[in-house]
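Okay, structure first, notes after.
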Amino acid sequence: MPKLNVNGKLLDYAADDGTPLLWVLREQLGLTGTKYGCGIAQCGACTVHIDGVAVRSCVMPASAMTDKQKITTIEGVSADGSHPVQRAWQALDVPQCGFCQSGMIMAATALIKDKPNPTDKDIDEVMTNICRCGTYNRVRTAIHTAAKEMAAAKTGAAPKKVAELGKSIMNIEHVAGGQA
Amino acid sequence: MNTSIEPKKASRRTFLKGSAATTAGLVIGFHVPFLNRQAIAQGLTASIAPEVNAWVVVQPDDKIVIRIARSEMGQGTLTGLAQMVAEELECDWAKVSTEYPTPGQNLARQRVWGDFSTGGSRGIRGSQDNVRKGGAAARMVLIQAAADEWKVPVAECTVARGVITHGPSKRTTTYGKVANAAAKLTPPKDVPLKDPKDWKVIGKRLARLDTVEKTTGKQIYGMDLKLPGMLNAAVKDSPVFGGKVKSVDDAAVLKRPGVVKVLRVGDSAVAVVADTWWRAKTALDALKIEWDEGPNAKASSASFAATLKAGLDAKDTVIGNSVGDAPAAIASAARKIEAVYSYPHQNHACMETMNATVKWTPEKCEVWVPTQNGEAALAAAAEASGLPPAQCEVYKIHLGGGFGRRGATDYVRQAVAIAKQMPGTPIKMIWSREEDMAQGRFHPVTQCKLVAGLDDKGEITGLHMRISGQSILAGVRPQSIRDGKDPVVFQGLDATGPESAIGYTFPTLLVDHAMRNPSTPVGFWRGVNLNQNAIYLESFIDEIAVATKQEPLALRRKLMKNHPKHLAVLNAVAEKIGYDKPAPAGVFRGLAQTMGFGSYVAACAEVSVSKDGVLKIHRIVAATDCGNAVNPQQIEAQVEGSFVYGLSAALYQECTVKDGRIEQTNFADYPTLKLADMPKVETVIVASGGFWGGVGEPTIAVAAPAVLNAIFAATGKRIRDLPLKNHSLKA
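Chains as they are written, first to last, in this note's numbering: chain A, 7 to 186; chain B, 610 to 1340.
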């Protein structure tokens, strides 16, 4: 049985040749955080990392992958939503419907890994994911916020709380508890 | 056609093997009375305590569950509605979560939650009275229960953040401790609401209640559902509207691994059911289907345009707004200005394609669906299943975008029709993006001829707006057409009223409509008819300003004297952008204002156009007066998003028809605005109070005309038909 290395685990799967990685993740491995939006690598909702590089999984055949290639999906970004990119997203209430946001976050984490202090131009070039709700401006702000947080963490600074980031950057009030 | 109900053995084995590997997948229970995300995730009912009333459940640990009748599709209504209940309930916001009552429960309880439909930017404004009274009534019985227990007058008790205090004795208790007793009390008849000046939760920039799961992949959308024993369906409807299936050759496809069944859906569609959706979809792509294309086989955008053009001078019209005798005033005017505009079909293109999951048995039909209208989905399920509504149930699942598309129930009917042919097996039907593009409920096509009469000083003596084209109501609710009139056609052009009144006073005015309905199915598309009506009127006001050598803001102010609320948002925009000072070198401004969905909106765009014709939108200032602003940071999110939706349409999007079918198939030929194109948006919330206006849609209408007017200022080119991609802005 073929295997995929997903979020640090070697997982068996059964799929016909040519089945895109997206549908193996969603239908065989139950990882539904990665979304189907277009099937032709236009919208980016299906973005995952393969060895740290953002890839649109809807056009990547699973059978072309070896079990040495490390796949990271949104479920593997952190165990509890605490990755600095996720925390910036939460702080600024970036998602609206949210359907594109897994792909946005995967594209953003790959960008910051590649360019720890991305310029607006870097963001323009890399963040080509489609969002129909129109969250782009908050996506941009959240990427800058996360990049700053990650740079600060490298100097040993303690991470800022989600509530603190939300309040200071966009005057959003996070109340502890709630539905989260 | 395979009519066997039994799945093929080989396929079944493959499926079981496949499903055994899906231990990480989500399995939800079948009889969940209320659904929230935790309930879905755990297969549990969230409401373990008895309800205080229909809107509020208080658990013994003081956790508050607020029931939400409207659908959350990104617009933030779930959080806003919870804020309004919590305001009156005086509970601790940190303890609040939400859940959806089902349409079946609403039916069984004489619609205690009112209307479920979520469209027309009505989520907040259509619910505010209901939900605030629900919160207040719950607070009253909770305090009463505490007073009864202490045997003290209720007037001596107060509450703050869910803690009830008896003033004289300083005794305290909590909502959680008295909730059971409160649930048994008779609800109060007279439920006074707070004075808005005392609001503490309404008006706060609170974080949304549904954000975290959307950053971790845990939020479940309709497409992500997995039920025990579920199979997947892909479907293809006649690409020509009104066409039928003539024949299907399924012999080869039925041999494919995992394929369980090929079946007809009504007389116009074919579905493949397989163990996985990918197998169903690829099998469907390989299926040989012959279509009877029917009467619309030769329909085209060009034929629609010719029909609409004829309507611009037709006599069979209905009047939307009339002041004095505009045709006479124009006929005798010293000078006339005339222009014809047009607006194309558009697809909503929700990020999550249409889908629904259905389990049908002869006794019960259950539907799990992302829908903007749970009650309409229930009615559709009843009709398509052949079962009475009481034997049907709809579980609303979070929507991956709606924009009006998910108010329709065509895809619910399809899924039920498929599941009905496989009794007892839950079927998840998902549309491919290509199917979603082909089977839209499209934004209506219209053209508009505007004629202004001017006197010898250049003052307007009369304006005639002739709209020719498609009626949404004629397509989706023909019973709402009275005397040939679709009032929705005139959005933003009404004489007066709280919904969508025109913001100008003309000495004479005639707005009329020649209804012309092409074969394309129409629907409510975010912003609806306000979008093109604002483009027509706001562009033409600019044309009059240019023709009479008046400054566009000054002309508007002159015409808007009797419309103070419209004028206030326009003035707010002018002030914020610094209209009294020139724009930066090479940058040009355009203005637009309108009213719709109960709110007053205006925008100013700053753009530049290079010699090569490349448009750059640098900055947008937008103002909204929605009366009461429930959650300002979410209003800002809606305003910003409205520019993405409105400018995507204005710049790029049209659905064209050739040989009876939609030509665009995916995001490659139906592009959308991306992050790199996104201008800075500065939102001014005017919130003048005293009324409740919508925020999800109105701003879309000013996005395009503000930019089009700025493009004219930059280039001298007046764009009168959209999208902009069909025009060159080259110098």
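Even glycine gets a Cβ: it sits at the ideal position worked out from N, Cα and C.
Quick caveat: nothing in here was measured; it's all calculated off a predicted structure.
Item to check | Residue environment, S1337/B, which counts as buried when at least 16 other CB atoms sit within 10 Å | outcome: Position 728 of the second sequence, counted from the first residue, corresponds to residue 1337/B. Exposed: under 16 other Cβ atoms inside 10 Å.
Checklist entry - If we count the other Cβ atoms within 10 Å of its Cβ and call it buried at 16 or more, is S174/A buried or exposed? => result Reading the first sequence from its first residue, position 168 is the one you call residue 174/A. The residue is exposed, with fewer than 16 neighbouring Cβ atoms inside 10 Å.
Item to check | Rounded straight-line distance, which links the Cα of Y784/B to that of T774/B | outcome: If you number the second sequence from 1, residue 774/B lands on position 165. If you number the second sequence from 1, residue 784/B lands on position 175. Rounded to whole angstroms, T774/B to Y784/B spans 11 Å at the Cα level.
Checklist entry - Any chance the region 1192-1211 of chain B sits against the region 1257-1272 of chain B, with 3 or more Cβ pairs inside 8 Å? => result no
Checklist entry - Under three-state DSSP, which class holds Y1113/B? => result Stepping through the second sequence from its first residue, residue 1113/B is reached at position 504. Coil, per DSSP.
Next on the checklist: DSSP has C1213/B in a bridge; who is on the other side?
Outcome noted: On the second sequence, position 604 is the one that residue 1213/B refers to. Note: C1213/B sits in a beta bridge opposite L1200/B, V1230/B.
Next on the checklist: Taking only three categories from DSSP, how would you classify T1129/B?
Outcome noted: Counted from its first residue, the second sequence places residue 1129/B at position 520. T1129/B: coil per DSSP, three-state reduction.
Checklist entry - What did DSSP end up calling C64/A once you bin it into helix, strand or coil? => result On the first sequence, position 58 is the one that residue 64/A refers to. Three-state DSSP puts C64/A in a helix.
Item to check | Pair within 8 Å by beta-carbon distance, H89/A and T115/A | outcome: The sequence position of residue 89/A within the first sequence is 83, counting from 1. The sequence position of residue 115/A within the first sequence is 109, counting from 1. Contact flag set, yes.
Item to check | Option in N11/A, G162/A, G36/A, L31/A with minimal Cα separation from V65/A | outcome: On the first sequence, position 59 is the one that residue 65/A refers to. Among N11/A, G162/A, G36/A, L31/A, the Cα nearest to that of V65/A belongs to L31/A.
Item to check | For I118/A, three-class secondary structure by DSSP | outcome: Here residue 118/A corresponds to residue number 112 of the first sequence, with the count starting at 1. In this structure, I118/A counts as helix in the three-state DSSP scheme.
Item to check | H55/A and T72/A closer than 8 Å at C-beta | outcome: Numbered from its first residue, the first sequence carries residue 55/A at position 49. Numbered from its first residue, the first sequence carries residue 72/A at position 66. No. Outside cutoff.
Checklist entry - What residues are listed by DSSP as bridge partners for E899/B? => result The sequence position of residue 899/B within the second sequence is 290, counting from 1. Paired residues: S856/B.
Item to check | M693/B in three-state terms, based on DSSP | outcome: Counting from 1 along the second sequence, the entry for residue 693/B is found at position 84. Helix, per DSSP.
Next on the checklist: Am I right that L10/A and A68/A are in contact with their C-beta atoms under 8 Å? What's the rounded C-beta distance?
Outcome noted: Here residue 10/A refers to the residue found at position 4 when the first sequence is read from its first residue. Here residue 68/A refers to the residue found at position 62 when the first sequence is read from its first residue. At roughly 7 Å, the Cβ-Cβ gap stays under 8 Å, so L10/A and A68/A are in contact.
Next on the checklist: Please classify R605/B as buried or exposed, where buried requires at least 16 other C-beta atoms within 10 Å of its C-beta.
Outcome noted: A query on residue 605/B cannot be resolved here, the shown segment of chain B reaching from 610 to 1340 and no further.
Next on the checklist: Please return the same chain residues whose Cβ sits closer than 6 Å to the Cβ of T1292/B, not counting the five positions on each side in sequence.
Outcome noted: In the second sequence, residue 1292/B corresponds to position 683, counting from 1. Contacts found: A1231, E1245, V1248.
Checklist entry - So what's P642/B in DSSP terms, helix, strand or just coil? => result Indexing the second sequence from 1 puts residue 642/B at position 33. In this prediction, P642/B scores a pLDDT of 39, lower than 50, which makes its location untrustworthy; the coordinate-derived value is nonetheless stated afterwards. P642/B falls in the coil class under three-state DSSP.
Checklist entry - What residue from G1071/B, V750/B, D670/B, I1111/B has the CA that sits closest to A568/B's CA? => result Since the first residue shown for chain B is 610 and the last is 1340, residue 568/B is missing from the structure and cannot be characterised.
Checklist entry - Is DSSP giving Q26/A helix, strand or coil here? => result Here residue 26/A corresponds to residue number 20 of the first sequence, with the count starting at 1. The identity of residue 26/A in the sequence shown is Pro, whereas the question assumes Gln. Strand, per DSSP.
Checklist entry - Do G831/B and P979/B have their CB atoms nearer than 8 Å? => result Locating residue 831/B in the second sequence gives position 222, where the first residue counts as 1. Locating residue 979/B in the second sequence gives position 370, where the first residue counts as 1. Going by C-beta atoms, G831/B is nearer than 8 Å to P979/B.
Item to check | Helix, strand or coil at V871/B [DSSP, three-state] | outcome: Stepping through the second sequence from its first residue, residue 871/B is reached at position 262. Residue state, collapsed to three classes: strand.
Item to check | Short-range partners of chain A found in the region 857-870 of chain B, where Cβ spacing is below 9 Å | outcome: R865, P866, G867
Next on the checklist: Against chain B, which members of the region 123-136 of chain A pass a CB distance test of less than 8 Å?
Outcome noted: I129, D130, E131, M133, T134, N135, I136
Item to check | K554/B (DSSP reduced to helix, strand or coil) | outcome: This structure cannot settle anything about residue 554/B, because the visible part of chain B is limited to 610 through 1340.
Checklist entry - Could you give the residue range of the alpha helix (DSSP H) that holds G743/B? => result Start at 1 with the first residue of the second sequence, and residue 743/B comes out as number 134. That run of the alpha helix (DSSP H) goes 737-759.
Checklist entry - Which residue's Cα is closest to the Cα of Y952/B: K1339/B, A1340/B, K1334/B, D1330/B? => result The residue you call residue 952/B lines up with position 343 of the second sequence. Out of K1339/B, A1340/B, K1334/B, D1330/B, D1330/B has the C-alpha closest to the C-alpha of Y952/B.
Next on the checklist: Helix, strand or coil, according to DSSP, for K1326/B in the structure here?
Outcome noted: Here residue 1326/B corresponds to residue number 717 of the second sequence, with the count starting at 1. DSSP places K1326/B in coil when its eight states are reduced to three.
Item to check | Separation of D819/B from E975/B, as counted between CA atoms | outcome: Here residue 975/B corresponds to residue number 366 of the second sequence, with the count starting at 1. Here residue 819/B corresponds to residue number 210 of the second sequence, with the count starting at 1. Approximately 25 Å between the Cα atoms of the pair.
Item to check | Own chain residues within Cβ distance below 6 Å of D23/A, not counting five before or after | outcome: Looking up residue 23/A in the first sequence gives position 17. Once the five neighbours on either side are set aside, the close Cβ partners of D23/A are S69.
Checklist entry - Apart from the five residues just before and just after K890/B, which ones in its own chain have a Cβ nearer than 7 Å to its Cβ? => result Here the question's residue 890/B lines up with position 281 in the second sequence. Once the five neighbours on either side are set aside, the close Cβ partners of K890/B are A843, S1041.
Checklist entry - V1290/B touches chain A at which residues, Cβ-Cβ below 7 Å? => result Within the second sequence, residue 1290/B is the residue found at index 681, counting from 1. Near V1290/B (Cβ distances below 7 Å), the residues of chain A are N143.
Checklist entry - In the region 981-1061 of chain B, which residue ranges form an unbroken beta strand (DSSP E) of at least 3 residues, counting only runs that do not cross its ends? => result 1001-1005, 1036-1039
Item to check | Contacting residues, own chain, Cβ-Cβ under 6 Å from R144/A (five flanking each side not counted) | outcome: As a first step, residue 144/A must be located in the first sequence, where it is residue number 138. Excluding residues within five positions, the ones whose Cβ falls inside 6 Å are L98, V100.
Next on the checklist: Taking the alpha carbon of D859/B as the reference point, which residue from G852/B, G851/B, V868/B has its own alpha carbon closest?
Outcome noted: In the second sequence, residue 859/B corresponds to position 250, counting from 1. Closest by alpha carbon: V868/B.
Item to check | Same chain, Cβ closer than 7 Å to A153/A, five either side skipped, listed in chain order | outcome: In the first sequence, counting from the first residue as 1, residue 153/A sits at position 147. The answer, listed in chain order, is I118, P122, N123, P124.
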